[in-house]
Each structure stands twice: as C-alpha cells, then as structure tokens.
Amino acid sequence: MASTSRLLTLLSLLQTRRDWPGAMLAKRLDISHRTVRRDVDRLREMGYSIQATMGPDGGYRLDAGSELPPLLFDDEQVVALAVALKAAAVSDVAVEEAALRALTTVRQVMPSRLRHRLDALEFEAIAAVGQSAKVSVTPDALIALSAAVRGREVLRFDYESSGSDSSRVDGGDAAAAIPQPPRRVEPHHLITASGRWYLVAWDLDRADWRVFRADRIRPRTPTGPRFVRRQVPGGDARAFVSARFKGSASADAWPCRGTVILGLPARDVLPFAGDGVVEDLGEDSCSLTAGSWSWRALAASLGRFDASIEVVEPPQLATAFGELAERYAAAAN
Numbered sequence: 001m002a003s004t005s006r007l008l009t010l011l012s013l014l015q016t017r018r019d020w021p022g023a024m025l026a027k028r029l030d031i032s033h034r035t036v037r038r039d040v041d042r043l044r045e046m047g048y049s050i051q052a053t054m055g056p057d058g059g060y061r062l063d064a065g066s067e068l069p070p071l072l073f074d075d076e077q078v079v080a081l082a083v084a085l086k087a088a089a090v091s092d093v094a095v096e097e098a099a100l101r102a103l104t105t106v107r108q109v110m111p112s113r114l115r116h117r118l119d120a121l122e123f124e125a126i127a128a129v130g131q132s133a134k135v136s137v138t139p140d141a142l143i144a145l146s147a148a149v150r151g152r153e154v155l156r157f158d159y160e161s162s163g164s165d166s167s168r169v170d171g172g173d174a175a176a177a178i179p180q181p182p183r184r185v186e187p188h189h190l191i192t193a194s195g196r197w198y199l200v201a202w203d204l205d206r207a208d209w210r211v212f213r214a215d216r217i218r219p220r221t222p223t224g225p226r227f228v229r230r231q232v233p234g235g236d237a238r239a240f241v242s243a244r245f246k247g248s249a250s251a252d253a254w255p256c257r258g259t260v261i262l263g264l265p266a267r268d269v270l271p272f273a274g275d276g277v278v279e280d281l282g283e284d285s286c287s288l289t290a291g292s293w294s295w296r297a298l299a300a301s302l303g304r305f306d307a308s309i310e311v312v313e314p315p316q317l318a319t320a321f322g323e324l325a326e327r328y329a330a331a332a333n
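All residue numbers for the sequence shown refer to the working numbering, where the first residue is 1 and numbers rise by one.
Here's what the structure looks like:
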C-alpha cells in the first residue's frame, strides 16, 4: 500500500472511534508497529492532533486541534461532500453562498482524478412543494437553538405567528400584527423535515408539547435556567413530529385510514400511492389502504386516480364521499 493511501486509511480509522490500540491499527493496515508510529508522526506534522494513550494496549486517539489541518477525502467522501454542498441551496438554511465557496475551495485543492469525479456530478435541487425560497433559518439561529437543546436551558424567543396553533405545529396564538409576549420553552430536539427545520419543545406557559418552525424563531438572550429533560411522547422525537404533521396527537399514523377498490391495475396505482398499501386484485383492479387527516381529505385524495371507487371500509369514508359528491354537484351548477 502506497504511503499516501495508507495515511488516508489510517486517518479514516482514527475518525471512526475514540481510541485505537496500536496493535489493532498495525493489523488493520498490515504494517509493523514502527510504521504505525511513523505514520502517526506524519499526520501530526500535517496538523492533526493525535494523542498517544497509555496502558498495556497503548494506542492513539484523534483529538480536535487548534487549527484546521489539511483534509483528505476518498472517492466516496468526495461524492458525498459534493451532493451535500450542492443540495444546500434548498436546505432552508441561509448558507447558499458559503456552500458554493466551500465547494469551489475544495475543488481547487483536489487532485485531477477526484476533480473529474466531482465535475461529473451535475444535478439540480428543487425545493419541497410549498417551500418558500425567501424563508430560511440562519446558521446562527440553528446554533443557538441547538446549544439550548444540548445545554438543557430554558429558551425565550419571539415567534412570528401565521394563525392559530390548534394543530400544535405552532403558528402562534393570533395574527402576526398583535404583539405577543416571548415564548418560554424547554427545548428538546431540533428536527429537519421536508426542507424545513423545527424545534420540539415543552411550552412552559401552555403546559404542553409544541413543534415550532425554526425560521420563525427569534431567540432572546440570555437563556434561562437549566431543566430536567422530559420524555417526548412516545420516546421518539422524529415520530412525534411526523405524527403532528399527520394531524395525530399520539401515534405516528394517519387518524383516518380506509380501504377502497380502484378500477385500475396495481402497477398504475403504486407510483402514486405514497405511504398507502396496494394489493393486486387482477388485471383491472386493486385495493388501496391509505390515510389522511380527515375522512373528506382522504376521499378527495382517492379521487385523483380517475377510476371507479368501491369503499371497503370504514363507513365514515363512504359518508365522506357522499358529502363531497354534494359539494361537487353544487359547484358544477
């Protein structure tokens, strides 16, 4: 193994765990203990802070240094870095210019072989449906929110409302023009979903869990006292946020779920079934079990298949189809 390639492999190994016994590194790299020591010294000369650990299985630990050392990337890391930086334009974080500069800087110092691989990766990123390109959260705001989460410190902030917060994906208590007192919350998790950032927190004034849009949060300083962390309902913050998006107050599942038989083959329904379950019933029909936040919304969504529909269950879904039929008939007249 060439020395440069071996150094890259050694650095990758040191980054995957806190401590590496010298004997294990020598075995993984198929080199002698002396060569391991020499390679570690070379990495130190390049700016990497590598500490020697004591004991019978003495080895090495990669620590954070005071300066950014030269970065070494393998081919897979180059692709991952390029994808991440190019996709940053629609990440709902105000880092588009910084991401472009970082990508340009990395490209300039790459060997030609890796530069060609990066240049071959061309794609365009599209924002999530309904996402406004003008609304984004700043890196400083994300850092402030994350610091409060990690420090378990009560967070005070002004919140730009957009209507009622009855859905509990919080939009405030009234119109944005009416001044509101700062919110006081125990921040628990920072979540990104569908191109946006959300803060999961226990609202101290409302004594309930809330999900706040991070781009509408304006943190106040200083933060408040430390708190003992509560458990998010269900124990999984991602599932909790996903459930709120579906209009459910508990389980990560649609509150209204039903089954119909569609006059279409399964192959024509599958690409548009989303998280629904499709069962093949023959050449010209299939069953679809799907969910939504209301029975009328579910009935309306099933109408997009432009085919005959037979309700299997439950009766509430059939009733919703009847209610929509009356509305559509009135609209047609």
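From the three backbone atoms N, C-alpha and C, an ideal C-beta is built for every residue, glycine too. The structure presented is a predicted model; accordingly, all values stated were derived computationally and were not measured.
C-beta contact flag for Val-211 and Val-241 at 8 Å: Yes, the pair counts as a contact, with Cβ atoms nearer than the cut-off.
Of the listed residues Phe-227, Met-24, Pro-187 and Pro-219, nearest to Trp-209 (C-alpha basis): Ranking the options by Cα distance to Trp-209, first place goes to Pro-187.
Buried/exposed call for Gly-291, threshold 16 Cβ in 10 Å: Within 10 angstroms of the beta-carbon of Gly-291 lie 16 or more other beta-carbons, which makes it buried.
Proximity to Ala-307 [Cα-Cα], best of Cys-286, Gly-322 and Ala-201: Checking every option, the nearest Cα to that of Ala-307 belongs to Cys-286.
Contact set for Val-79: own chain, Cβ-Cβ below 8 Å, skip 5 residues either direction: Close CB contacts of Val-79 within its chain, under the 8 Å cut and outside five residues either way in sequence, are with Arg-117, Leu-118 and Leu-121 (chain order).
Spatial distance of Ala-266 from Pro-255 (CA atoms): In a straight line, the C-alpha of Ala-266 is about 25 Å away from that of Pro-255.
Beta-carbon proximity check, Leu-25 vs Val-36, cutoff 8 Å: Yes, the pair counts as a contact, with Cβ atoms nearer than the cut-off.
Other residues of its chain near Ala-52: CB distance less than 7 Å, five sequence neighbours each side excluded: Closer than 7 Å at Cβ, skipping near neighbours: Gly-58 and Tyr-60.
Backbone CA spacing between Asp-75 and Thr-105 [nearest angstrom]: Rounded to whole angstroms, Asp-75 to Thr-105 spans 17 Å at the Cα level.
Opposing strand residues paired with Leu-288 [DSSP bridges]: Partner residues in the beta bridge of Leu-288, as assigned by DSSP, are Val-260 and Val-278.
Contact under 8 Å by Cβ, Leu-29 with Leu-10: Yes. Within cutoff.
Residues near Asp-19 in its chain [Cβ-Cβ closer than 7 Å; skip 5 each side]: Thr-53, Gly-59 and Arg-61.
Residue closest to Phe-272, alpha-carbon to alpha-carbon, out of Ile-261, Arg-304, Asp-280 and Ser-294: The shortest Cα separation from Phe-272 among Ile-261, Arg-304, Asp-280 and Ser-294 belongs to Arg-304.
C-alpha distance - Glu-153 paired with Asp-252, whole-angstrom precision: Here the alpha carbons of Asp-252 and Glu-153 stand approximately 28 Å from one another.
Option nearest Arg-343 by Cα separation, candidates Arg-257, Arg-206, Val-200 and Ser-248: This structure gives no information on residue 343, because the portion of the chain shown stretches from 1 to 333.
Endpoints, the beta strand (DSSP E) within which Pro-187 is located: Note, Pro-187: beta strand (DSSP E), 183-193.
Buried versus exposed call for Asp-39 [16 or more other C-beta atoms within 10 Å across all chains shown]: Burial call: buried.
Distance, Ile-217 Cα to Tyr-159 Cα: Answer to the nearest angstrom: the Cα atoms are 5 Å apart.
Proximity to Ala-318 [Cα-Cα], best of Ser-5, Ala-148 and Thr-259: Out of Ser-5, Ala-148 and Thr-259, Thr-259 has the C-alpha closest to the C-alpha of Ala-318.
Coarse secondary structure for Asp-205, derived from DSSP in three states: In the structure shown, the three-state DSSP call for Asp-205 is coil.
Residue closest to Leu-298, alpha-carbon to alpha-carbon, out of Glu-283, Gly-151 and Gly-322: That would be Gly-322, whose Cα lies nearest to the Cα of Leu-298.
Closest Cα partner of Arg-150 within the set His-33, Arg-226 and Trp-197: Checked all of His-33, Arg-226 and Trp-197; the closest Cα to Arg-150 is Arg-226.
Sequence-distant residues of its chain with Cβ nearer than 8 Å to Gly-234 (five each side left out): Within its own chain, the residues whose Cβ lies closer than 8 Å to the Cβ of Gly-234, once the five positions on either side in sequence are excluded, are Phe-240, Ala-243, Ser-250, Ala-251 and Asp-252, listed in chain order.
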